[in-house]
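2 protein chains.
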Amino acid sequence: MTPSAATPAYRRLSVEERRSQLLEAALSLFAHRVPEDVSLDDVAEAAGVSRPLVYRYFPGGKQQLYEAALRSAAEELEHCFDEPREGPLVPRLSRALDRYLAFVDQHDAGFSALLQGGSVVETSRTTAIVDGVRRAAARHILSHLGVADPGPRLRMTVRMWITAVEAASLIWLDEDKQPPSDELRDWLVDQFVAVLSVTARRDPQTAALVDALAADD
Amino acid sequence: MTPSAATPAYRRLSVEERRSQLLEAALSLFAHRVPEDVSLDDVAEAAGVSRPLVYRYFPGGKQQLYEAALRSAAEELEHCFDEPREGPLVPRLSRALDRYLAFVDQHDAGFSALLQGGSVVETSRTTAIVDGVRRAAARHILSHLGVADPGPRLRMTVRMWITAVEAASLIWLDEDKQPPSDELRDWLVDQFVAVLSVTARRDPQTAALVDALAADD
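Shown next, in the form of structure tokens:
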């Protein structure tokens, strides 16, 4: 017996569709309130279903729902980094950042709560999901840079910049999304080029990369 | 009846001394193992006292001890930023970073566990302590920069760099403390100057600051 068969009063959805619908409702709630302030009742109401239905899909309760919503947000976030390996590098990075900032804009409070930590729904599993996104971002950037075997200095530079971008996103949400996202994007891209140039002074691999970037333009 | 009077077998210490001794023992354990793997028995053994004595000082158990140890580490960390307001700015920043990196080197596993989050002993209180250190670092830097009323772009630049430094410390611990700390320090200082210069292109306040820094040398 599938959950949707058990609830004939609702529009018939496949198990997968229903699950997606609940996750979507949860994500939109987590976007505007910290996880602590979202109850399963709220999720049921937002999705237009009964509380028992939510529990049937997420028997682990709010923690399970939160982790599933987080996983689905993480996948969405990783898609931001999908960018064809064509054309000059800097505009590619700008486009990926545009999508990333749109995601931050959309997910707002949930994004902050998640990255600021100390949330009651934070566990080693949620931390691992977030770390997975960070690692995916680093992989994408290094692959766009066309470096097959990045050395420690280049990897560290990329990871530091990703962290700085995260910090910028949180501050940006805190400061009522100022400066405008296209200005923030250009600023972050310029910072990336600047820190790469600093690393280039002490790392031949990064120096070659910076030369290639300059020739790119 | 003071705790030390109740335990005549131990060396007589004042309440404050005993507390410090226990915190020191706890910190040295947290430095080499993740908090999850440190028990109150371990702390008692390391301090050469009985388990009940540890509980007498920290009736809240490990969580309370951890928070107290964290607070004491946070104070120590904030002292790293104490730097006389004399001489050129870049060497001041270098000296503060030297002390910071020595702290990271010393506190090792505990430092990582704390900043990486998702720890079972992490709470909104521990997060607040860590955030307090970040804010103190930003205040110190802005005060050294001699900016009385920093605008949003300058503040954001400083906070992003502080986050990048944190990320660098964690990666550095992960990578067996490579590159050597003096090299890492110079690299971080150069990055700070580079990101300030990027911000200077879009912010007159930061531009004036970068000019002053250049005249400083």
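Sequence order for the protein chains is A and B.
Per my numbering: the first sequence ends with 217, consecutive numbering throughout.
Per my numbering: the second sequence ends with 1217, consecutive numbering throughout.
All C-beta atoms, glycine included, are put in the ideal place defined by N, C-alpha and C.
Nearest to residue 19(A) by C-alpha distance, out of 44(A), 81(A), 30(A) and 174(A), is 44(A). Fewer than three beta-carbon pairs drawn from the stretch 1153-1160 of chain B and the stretch 1073-1086 of chain B are found closer than 8 Å, and the two stretches are therefore not classed as touching. Cβ proximity to chain B below 9 Å picks out 194, 195, 197, 198, 199, 201 and 202 from the stretch 194-211 of chain A.
The way I'd put it, the stretch 140-150 of chain A doesn't touch the stretch 1135-1154 of chain B; fewer than three beta-carbon pairs between them come closer than 8 Å. By the Cβ-count criterion, residue 135(A) is exposed, with fewer than 16 other Cβ atoms from all chains shown falling within 10 Å of its own Cβ. Residue 1134(B) carries a helical assignment under DSSP once its states are collapsed to helix, strand and coil. The beta carbon of residue 135(A) sits no closer than 7 Å to any beta carbon of chain B.
Residue 1110(B) sits in a helix when the DSSP states are folded into three classes. For residue 1191(B), the neighbours in chain A by C-beta distance under 7 Å run, in chain order, 195 and 198.
With contacts defined by Cβ atoms closer than 7 Å, residue 1165(B) and residue 1188(B) form a contacting pair.
Any Cβ of chain A closer than 7 Å to the Cβ of residue 1175(B) would place that residue at the interface, and such an atom is present. Taking C-beta atoms as the reference points, residue 1167(B) and residue 127(A) fail to come closer than 7 Å. By the neighbour-count definition (other C-beta atoms within 10 Å, threshold 16), residue 35(A) is a buried residue.
Listed by position along chain A, the residues whose Cβ is nearer than 7 Å to that of residue 1152(B) are 175 and 178.
Nearest in C-alpha terms to residue 1089(B), of all of 1158(B), 1141(B) and 1032(B), is 1141(B). Scanning the stretch 20-82 of chain A for uninterrupted alpha helix (DSSP H) segments of 4 residues or longer gives 40-47, 51-57 and 61-80, listed from N- to C-terminal end.
For residue 138(A), not one C-beta of chain B is nearer than 7 Å to its own C-beta.
Inter-residue distance for residue 48(A) and residue 1200(B) is about 51 Å (C-alpha atoms, whole angstroms).
Residue 186(A) carries a helical assignment under DSSP once its states are collapsed to helix, strand and coil. Short of 7 Å from the beta carbon of residue 1092(B), and not among the five residues preceding or following it, lie these beta carbons of its own chain, in chain order: 1083 and 1144. The Cβ neighbour count for residue 1159(B), taken over all protein chains shown within 10 Å, is at least 16; the residue is labelled buried.
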